[in-house]
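A short write-up of the structure that comes next.
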Amino acid sequence: MALIVEFELRTPILREAAQAARKLRLEEVYGTESGEPKLLFWATVDDSDAFEAALDDDPSVRRDTPLETASDRRLYSVALTDDAAARLTYPAAAKHDVAILEIVVTDETVVRARVPSRDALQAYRDRCLERGVGFRLQRLYPERDPDADGDRYGVTEPQREALRTAHSAGYFTVPRETTLSELAPEFDITDQALSARLRRGQANLLENTLADDTT
């Protein structure tokens, strides 16, 4: 049975910017066609001007772009410096089949992930330390039965809601009966953020269903 792990990463990525925000919630890590690593995240702030000044001064950020504002949150796309990109732990997570479920940055960078085994978690931890990223375990527990309350097939509640709404609206039919632009306002997020949420939800579903099907 897979395990759910919660841990703190001591990483310099967005650390200074986070001091000017209530919290940062990562939506996606991706690369451009040229291979430049980028982050997509929501910032919950009290003073947007102070936060953007801190973001501009953050040594891990090459450039930043505000994409969307919703209430007290703003969605940002950030390109990382080379030094910061070298600290990213996503390549190590992919190598050891560690599925990142959530990353929230406040005073700490706290990660919730699914790991296939304790050995995989240990290997991922070792790779983090090799990259100069501190690792402190907070909680480790078995994944809940999919029929129990809580996450089902590793899909978070926001991902489940997005998938159900998109399915009901005909987003997955051929031809499609709706678009991301039409669906995104229901979640108060951008098209890009909704696309990332749907893809992560689909990835979790596949990982916990077809990926384990040996028939």
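So the sequence shown is numbered by the UniProt record's numbering: it starts at 1 and just counts up by one.
In this text, a Cβ means the ideal position worked out from N, Cα and C, and glycines have one as well.
In chain order, Leu75 and Thr190 place their CB closer than 6 Å to the CB of Glu68, counting only its own chain and leaving out the 5 sequence neighbours on each side.
Going by beta carbons, Lys38 and Thr106 fall outside the 8 Å limit.
In the three-state scheme derived from DSSP, where H, G and I count as helix and E and B as strand, Ser34 is classed as coil.
The continuous stretches of beta strand (DSSP E) do not include Ser71, and DSSP gives it neither H nor E. For Leu9, DSSP records a beta bridge to Thr109 and Phe135. Distance from the CA atom of Glu177 to the CA atom of Ala99, rounded to whole angstroms, is 31 Å. The closest CA to that of Val45, considering only Val133, Glu28 and Ala70, is found on Ala70.
In this structure the stretch 7-22 touches the stretch 47-65; the number of beta carbon pairs closer than 8 Å is three or more. Annotated three-state conformation of Phe172 is coil, per DSSP. Using a Cβ distance threshold of 8 Å, Leu26 and Phe41 count as a contacting pair. A distance below 6 Å between beta-carbons, with the five flanking residues on each side excluded, links Val78 to the following residues of its chain, in chain order: Leu39, Val61 and Asp64.
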